[in-house]
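*Asks:* One structure is given below, represented as structure tokens, and several questions about it will come after.
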Amino acid sequence: MASLPKSSLLGLLAAAPVLGNDPNMKWFPPSSNQVNDLDKVLDGKGTWGFIFDSSHTPDDKYGTYNWCNMPHARKREYKKASPGYELQYVEVIQRHHKRTPYASNAFPVEPYQWNCDNQGLYYFGRQFTESPKPNAQGYWKGFISEINPFIPSGWIGSCQFPQITAEGLDDSWVHGKDLYEVYHDLLKFIPGRKEDWRSKVMFRVTNNQITSQVAGMFINGMYQTTESVPLLIQQAGIDSLEPQYKCSVGAKLTSAIKSSSNKNWQNHLDKTKDLYKTLDDISGVPADDVGFHESFDHYYDNLSARQCHKKPFPCKLVNGKNSTTCIDQKLADTVYRLGQWEYSQIYRDAPESLAASATSWGVWIAELASHFRAVMEGKRDLLYLHNFAHDGSISRLLSILQIDVMVWPGMGSEVVFELYKKRDEYFVRVLWSGKTLQSSHPDLGRMEMVPVETLLKYFDGLTGKDASLVKGRCAGDVPL
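Using mature numbering (1 follows the signal peptide of the UniProt record, and there is no 0), the letters of the sequence shown map in sequence onto residues -20 to -1, 1 to 460.
Take a look at the structure:
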């Protein structure tokens, strides 16, 4: 979107933050807080108590933001609904668990290898015919060729970049176990492990393989099965969960937020020029590398992945050897604070964020709304659907729900939608990190038993019933 003329970007940023003519479709600003206050982010120390160095959060601090393994609903902390509310349907969406960094986020030359010899990534096909032939359970085993003269830039090792690490797989398993303890052991809602759970519980993944890696471990943690389990998946290129469908307007709006036309965004880049010089000098990243310098996303992912896996921060390489000039915790914390600020700016603080998210992720929202309607009409027997997704998925969802305090969704981030019935009325409770989500939208507020019609009206206004407005709005044929 760098090719957009400045006049177009200014036009997008000047647009009223209301979709359609309904004032209820308006963007409402988040509260002022430590994450979105740029001066405090730049001048501050530490990471506000956020955890970046371990998947473990002590029980007495559970609920604390943990980038390596975010809080989720657990039996120990879960608050039951008030008497009279009967649970009808649960839909969960989570980010995958911790992984190796993306190759695009690597430094030109990494100071050490990253190997994944303590796990296997299984990829094979199996026949579902009348007389199937058996298959071997083949898995990928990375290796480094002594003959191949082409050496990749960045990370070298037996891992894929990305892949869920052995530690991330363990977190995935525990996540599944914990939700089983909530929705079966505590609430007696989903079927038990010895019952016919397959007709009542389903799972969905994206086309990115790391979500399937998480799903396999999660399902065993939940139902202790090693048998085949279907993972729902939409076709590549149009998947609503990741999302992958084409949405030019949504992409332009997001690019406008991250451009010089947004004074807040440009201001944060201007004030961090010296920080970038320090990081570039140590990492060897060229100053003209756009990916590393349009935001702190790449540096954040690179450093946080190391820290979550107990790997040392990198040092400047001199003649191929480590020097004593290294990234330290103070420098990493500054990157983490800035990454948090950027996600708040992109998905909540910018008035255009609601329209950007509602277009680029509106199809999934419309699918969720259709699930609620089907349950209420007695047309859906499924009790529980679990979506394995990405930070871009969760961020857009939080943007659409207009969460009051936005953060960068860490590994394993979870949003739960619970549909309840009381007498003849339906209500929705939304949990974020295991606690009731607080929205800035006055009609949503604290999302504890929101009348379902209120939520459906809001969703329909953003996307149209059954996503009828999304395609037109994405193409620019239907005005925002």
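Note that beta-carbon positions come from the ideal geometry of N, C-alpha and C, so glycine has one too.
(1) What is the residue span of the alpha helix (DSSP H) that Gln287 lies within?
(2) Give every residue of the same chain whose Cβ lies closer than 7 Å to the Cβ of Pro142, excluding the five residues on either side of it in the sequence, and list them in chain order.
(3) Quick one: using the 10 Å Cβ neighbour count with 16 as the cut-off for buried, is Ala447 buried or exposed?
(4) Please classify Gly342 as buried or exposed, where buried requires at least 16 neighbouring CB atoms within 10 angstroms.
(5) Taking contact to mean 3 or more Cβ pairs, one atom from each stretch, closer than 8 Å, check whether the stretch 315 to 331 and the stretch 428 to 444 are in contact.
(6) Can you list, in chain order, the residues of its chain whose CB lies under 6 Å from that of Val185, leaving out five sequence neighbours each side?
(7) Can the beta-carbon of Ser375 be found less than 8 Å from the beta-carbon of Gly230?
(8) Can you tell me whether Ala369 is helix, strand or coil according to DSSP?
(9) Closer than 6 Å by C-beta to Tyr160: which residues in its own chain qualify, once you throw out the five before and the five after it? Chain order, please.
(10) Excluding five sequence neighbours on each side, which residues of the same chain lie with their C-beta closer than 7 Å to the C-beta of Trp94?
(11) Give me, in chain order, the residues of the same chain whose beta-carbon lies closer than 6 Å to that of Lys310; leave out the 5 immediate sequence neighbours on both sides.
(12) Pull the bridge partners of Trp412 from the DSSP assignment, please.
(13) Using beta-carbon positions only, say whether Thr234 and Ile345 come within less than 8 Å of one another.
(14) According to DSSP, simplified to helix, strand and coil, what is residue 462?
(15) How would you call Leu(-12), buried or exposed, if buried means at least 16 neighbouring beta carbons within 10 angstroms?
(16) Under 8 Å, do Lys89 and Val385 count as touching if we go by C-beta distance?
(17) State the start and end residues of the unbroken beta strand (DSSP E) segment that holds residue 463.
(18) On a CA-only basis, which of Trp153, Asn4 and Gln204 is nearest Arg173? Give me that one, please.
(19) Is Gly456 helix, strand or coil by DSSP?
(20) What residue from Ser263, Asn115, Lys55 and Pro132 has the CA that sits closest to Tyr163's CA?
(21) On the DSSP bridge assignment, give the partners of Ile73 in chain order.
(22) To test your reading of the DSSP string, which unbroken alpha helix (DSSP H) runs of 4 or more residues are found completely within the stretch 224 to 307?
(23) Excluding the 5 residues preceding and the 5 following Ser350 in the sequence, name in chain order all residues of the same chain whose CB lies nearer than 8 Å to its CB.
(24) DSSP three-state label for Trp388, please.
(25) Hey, would you say Leu283 sits closer than 8 Å to Tyr327, going by beta carbons?
(26) Which residue marks the beginning of the beta strand (DSSP E) containing Phe183, and which one marks its end?
*Replies:* Once the coordinates are examined:
(1) Asp277 to Cys288
(2) The residues are Arg79, Thr80, Pro81, Tyr82 and Ile190.
(3) buried
(4) buried
(5) no
(6) Thr191, Ser192, Ala195, Leu211, Ile213 and Phe368
(7) no
(8) strand
(9) So the qualifying residues of the chain are Met202.
(10) Here the set comprises Thr80, Trp135, Gly137 and Cys139.
(11) Once the five neighbours on either side are set aside, Lys310 has no close Cβ partner at all.
(12) Val395 and Lys415
(13) For Thr234 and Ile345, no; Cβs fall outside 8 Å.
(14) Because residue 462 is not part of the residues shown, which for the chain are -20 to 460, the question remains open.
(15) Legend: pLDDT at Leu(-12) = 49, less than 50; position of this residue unreliable, no value from coordinates given.
(16) In the sequence as displayed, the identity of residue 89 is Val instead of Lys. No. Outside cutoff.
(17) With the chain represented from -20 up to 460, any question about residue 463 goes unanswered, as that position is not in the structure.
(18) Gln204
(19) Assignment of Gly456 by DSSP, reduced to helix, strand and coil, places it in the coil class.
(20) Lys55
(21) In the DSSP output, where bridge partners are listed per residue, Ile73 has Asn367 and Val395.
(22) The DSSP assignment places complete alpha helix (DSSP H) segments of no fewer than 4 residues inside the stretch 224 to 307 at 228 to 237, 243 to 250, 253 to 263, 270 to 273 and 277 to 288, in order along the chain.
(23) Asp446
(24) Of the three classes helix, strand and coil, the one that applies to Trp388 here is coil, per DSSP.
(25) no
(26) Val181 to Arg184
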